[in-house]
Amino acid sequence: MAFKAPRGTRDMLPLESDKWNFVERKFRELCYNYNFAEIRTPVFEETELFVRSAGEESDVVKKEMYIFKDRGGRELALRPEGTAGVVRAYLEHSLHNNAQPVKLFYYGPMFRYDRPQAGRQRQFYQMGIEIFGTKDPASDVEVIKFTADFFSKLGFKDLKLHINSVGCPECRPLFQKDLEEFARTKISLLCGDCRKRALNNPLRLLDCKNDSCREVMKDSSPINAYLCSSCGTHFEDVLKLLKALNISFYVDSGLVRGLDYYTNTAFEFLSCQLGSQNALGGGGRYDNLVEHCGGPQVPGVGMAVGVERILLALEKEELFPVKDQPEGVFLAVESTDLWEERFNLLYLLRDNDFRVETDYLNRSLKAQMKFANRNSFRFVIIMGVEDKSKGIVKLRDMVNGEQVELSFEKIPAFLRKKIE
Ligand SMILES: [Zn+2]
Ligand SMILES: [Zn+2]
1 MAFKAPRGTR
11 DMLPLESDKW
21 NFVERKFREL
31 CYNYNFAEIR
41 TPVFEETELF
51 VRSAGEESDV
61 VKKEMYIFKD
71 RGGRELALRP
81 EGTAGVVRAY
91 LEHSLHNNAQ
101 PVKLFYYGPM
111 FRYDRPQAGR
121 QRQFYQMGIE
131 IFGTKDPASD
141 VEVIKFTADF
151 FSKLGFKDLK
161 LHINSVGCPE
171 CRPLFQKDLE
181 EFARTKISLL
191 CGDCRKRALN
201 NPLRLLDCKN
211 DSCREVMKDS
221 SPINAYLCSS
231 CGTHFEDVLK
241 LLKALNISFY
251 VDSGLVRGLD
261 YYTNTAFEFL
271 SCQLGSQNAL
281 GGGGRYDNLV
291 EHCGGPQVPG
301 VGMAVGVERI
311 LLALEKEELF
321 PVKDQPEGVF
331 LAVESTDLWE
341 ERFNLLYLLR
351 DNDFRVETDY
361 LNRSLKAQMK
371 FANRNSFRFV
381 IIMGVEDKSK
391 GIVKLRDMVN
401 GEQVELSFEK
411 IPAFLRKKIE
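Residue numbering for the sequence shown is 1 to 420, as defined by the numbering used here.
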């Protein structure tokens with residue numbers, strides 16, 4: 001019997017972990033610069049939280065959630081996205097009573113029962129930021145600028161920012177009504193899902209992945225024409241600030257994002273490299289989400305990016321840093337009689353913050369050298385039986401072949417100088 005990772009999940013082997021760490025490091029550095037603090041929430045929550053936040057009619061809730069009952073009969077769901085849990089924690093710990101805005105970031109696995117494909121797994125990783133407690137258009141722009149900076153730090157060059165306003169509960173109903181009426185006149189041209197959407201949730205008609213539906217819906221009147229004055233002003237202010245920051249954008253009236261909780265700003269960064277699955281990440285404003293989840297009226301804005309998608313795009317654009325130069329120290333020993341001396345040197349170097357490895361398979365010196373070479377160690381220290389009496393070892397720089405003889409205590413300083 002051979003076990004395999006469940007469909008839609010994958011293992012992350014060491015070489016790949018390096019790439020993940022690269023992306024994670026860039027994200028954390030930027031969060032630090034922008035003063036976002038980390039929050040970690042559970043991977044499962046009450047199912048009802050996601051039904052409330054994402055909306056009963058959303059694809060996420062209807063088709064994609066991992067739902068289960070625990071042994072105590074609680075209705076639970078693996079989190080399909082990060083924001084709902086963060087909102088729940090914000091309320092549970094009364095962070096709305098703290099000085100506002102509260103700026104948080106998260107990173108972790110999310111779960112959606114979706115058809116696995118390149119860059120889309122059932123267990124996938126998301127990084128996101130949230131700003132609670134301000135309606136200022138500058139905070140929308142802060143989130144967008146953060147996202148742009150993050151992508152540029154990773155090395156992306158030609159990403160496109162698509163932006164839209166999805167209005168508010170005051171101005172959206174009329175738009176939805178017209179959209180619904182429009183869809184009715186075209187109902188025979190729409191896919192089965194969209195026919196249902198036309199009745200239950202017309203806004204979702206705009207993010208059907210079906211090309212023929214997209215083509216039909218392109219002729220519906222855009223939401224921009226329906227925005228109330230406060231939504232209109234907010235959107236204009238956001239665009240004005242983006243221009244001031246020299247961030248180019250495209251107003252995409254079809255962009256409504258897959259979740260019901262967005263208000264006003266919705267945005268996405270698109271890569272031309274990923275074909276049809278080209279959204280690398282995005283976000284928007286959600287001024288009613290906190291209230292909707294049982295809290296006070298607290299506005300919010302945030303974004304999330306999928307790590308698998310980013311890695312795929314980085315790979316396609318060959319943006320990973322070239323595999324590191326040789327580094328670290330391999331301690332090769334002529335005889336197993338020398339374990340005591342070997343340990344002394346091994347831990348002396350590790351205590352001095354060097355990365356050090358040695359042989360545990362009683363290999364010959366020659367085989368040990370080969371191992372060190374193959375594993376890209378920069379230095380090899382050779383401890384011979386004869387050298388033991390003299391209290392010295394040989395140290396070879398594998399990059400240029402230079403070899404010196406040194407006593408134990410001189411090695412750390414010597415290596416440090418070499419590495420500089
Ligand atoms: Zn409005
Ligand atoms: Zn459709």
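Every residue, glycine too, gets a C-beta built ideally from N, C-alpha and C.
Boundaries of the alpha helix (DSSP H) in which residue i is found, first to last residue
{"i": "HIS292", "result": "289-292"}
{"i": "ASP397", "result": "Careful: ASP397 lies outside any alpha helix (DSSP H), inside the beta strand (DSSP E) at 392-397."}
{"i": "ILE144", "result": "137-154"}
{"i": "VAL86", "result": "83-92"}
{"i": "SER229", "result": "229-244"}
{"i": "SER17", "result": "14-33"}
{"i": "SER58", "result": "Unbroken run through SER58: none, as it is neither H nor E."}
{"i": "VAL216", "result": "211-217"}
{"i": "LYS415", "result": "Residue 415 is actually Leu in this sequence, not Lys. Element bounds for LEU415: 411-419."}
Alpha-carbon to alpha-carbon, residue j and residue i
{"i": "GLU215", "j": "LEU206", "result": "10 Å"}
{"i": "LEU203", "j": "SER58", "result": "10 Å"}
{"i": "PHE150", "j": "PRO169", "result": "32 Å"}
{"i": "GLY281", "j": "PHE267", "result": "9 Å"}
{"i": "LYS62", "j": "LEU348", "result": "59 Å"}
{"i": "PHE371", "j": "VAL380", "result": "10 Å"}
{"i": "HIS96", "j": "GLY133", "result": "7 Å"}
{"i": "VAL141", "j": "TYR286", "result": "14 Å"}
{"i": "ALA5", "j": "ASN362", "result": "35 Å"}
{"i": "ASP136", "j": "PHE235", "result": "11 Å"}
{"i": "GLN297", "j": "LYS316", "result": "43 Å"}
{"i": "CYS272", "j": "LYS145", "result": "20 Å"}
{"i": "SER94", "j": "PHE269", "result": "33 Å"}
{"i": "GLU45", "j": "ARG396", "result": "55 Å"}
{"i": "ARG115", "j": "TRP339", "result": "54 Å"}
Span of the beta strand (DSSP E) around residue i
{"i": "GLU285", "result": "What sits at residue 285 in the sequence shown is Arg, not Glu. 279-285 is the extent of the beta strand (DSSP E) around ARG285."}
{"i": "VAL102", "result": "102-111"}
{"i": "ASN264", "result": "263-270"}
{"i": "ALA77", "result": "75-78"}
{"i": "MET65", "result": "Here MET65 belongs to no beta strand (DSSP E), and DSSP marks it neither H nor E."}
{"i": "PHE132", "result": "123-132"}
{"i": "PHE44", "result": "44-46"}
Own chain residues within Cβ distance below 8 Å of residue i, not counting five before or after
{"i": "LEU239", "result": "ILE163, PHE249 and VAL251"}
{"i": "ILE39", "result": "VAL86, ALA89, LEU104, PHE105 and TYR106"}
{"i": "VAL356", "result": "GLY328, VAL329, PHE330, LEU331, LEU346, LEU349 and ARG350"}
Close-in-space but distant-in-sequence residues of the same chain around residue i (CB under 6 Å, 5 per side omitted)
{"i": "LEU154", "result": "LYS26"}
{"i": "CYS191", "result": "ASN210 and CYS213"}
{"i": "GLU405", "result": "ILE392 and LYS394"}
{"i": "THR125", "result": "The sequence as given places Tyr at residue 125; Thr does not occur at that position. These residues qualify, in order along the chain: PRO109 and VAL307."}
{"i": "MET127", "result": "PHE27, TYR107 and VAL305"}
{"i": "MET65", "result": "ALA77 and PRO80"}
{"i": "ALA84", "result": "LEU49, PHE50 and SER53"}
{"i": "LEU422", "result": "Because the chain in this structure spans residues 1 to 420, residue 422 falls outside the shown range and cannot be described."}
Residues near residue i in its chain [Cβ-Cβ closer than 7 Å; skip 5 each side]
{"i": "SER335", "result": "VAL385"}
{"i": "ARG342", "result": "LEU331, VAL333, THR358 and MET383"}
{"i": "ASP70", "result": "LEU76"}
{"i": "PHE186", "result": "Position check: residue 186 holds Lys in this sequence, whereas Phe was assumed. Contacts found: VAL216."}
{"i": "ARG184", "result": "ALA198"}
{"i": "SER139", "result": "PRO101, ILE131 and VAL301"}
{"i": "ASN373", "result": "MET398"}
{"i": "LEU241", "result": "PRO137, ALA138 and VAL141"}
Chain C within 8 Å of residue i, Cβ atoms only
{"i": "SER212", "result": "In the displayed structure, chain C is absent; only one protein chain is listed."}
message = Would the region 23-36 count as touching the region 102-116 if we require 3 or more Cβ pairs under 8 Å?
response = Contact between the region 23-36 and the region 102-116 is present, because at least three Cβ pairs lie under 8 Å.
request  = Starting from the N-terminal side, write out each stretch of the alpha helix (DSSP H) that is 4 residues or longer and does not extend beyond the region 299-347.
outcome  = Qualifying alpha helix (DSSP H) stretches, in chain order: 307-316.
4-residue-minimum alpha helix (DSSP H) runs that sit fully inside the region 150-208, ordered along the chain = Counting only runs of at least 4 residues, the region 150-208 fully encloses the following alpha helix (DSSP H) elements, listed from N- to C-terminal order: 172-185 and 192-200.
query = Quick check: the region 362-375 against the region 404-419, are there 3 or more CB pairs under 8 Å?
reply = Look at the beta carbons and you see the region 362-375 not touching the region 404-419: under three pairs across the two are nearer than 8 Å.
Meets three-Cβ-pair contact criterion under 8 Å: the region 311-325 and the region 2-21 = Yes: the two stretches touch, three or more of their Cβ pairs being nearer than 8 Å.
query = What are the uninterrupted segments assigned as alpha helix (DSSP H) that are 4 or more residues long and contained completely in the region 356-383, given in chain order?
reply = Segments of the alpha helix (DSSP H) lying fully in the region 356-383: 365-374.
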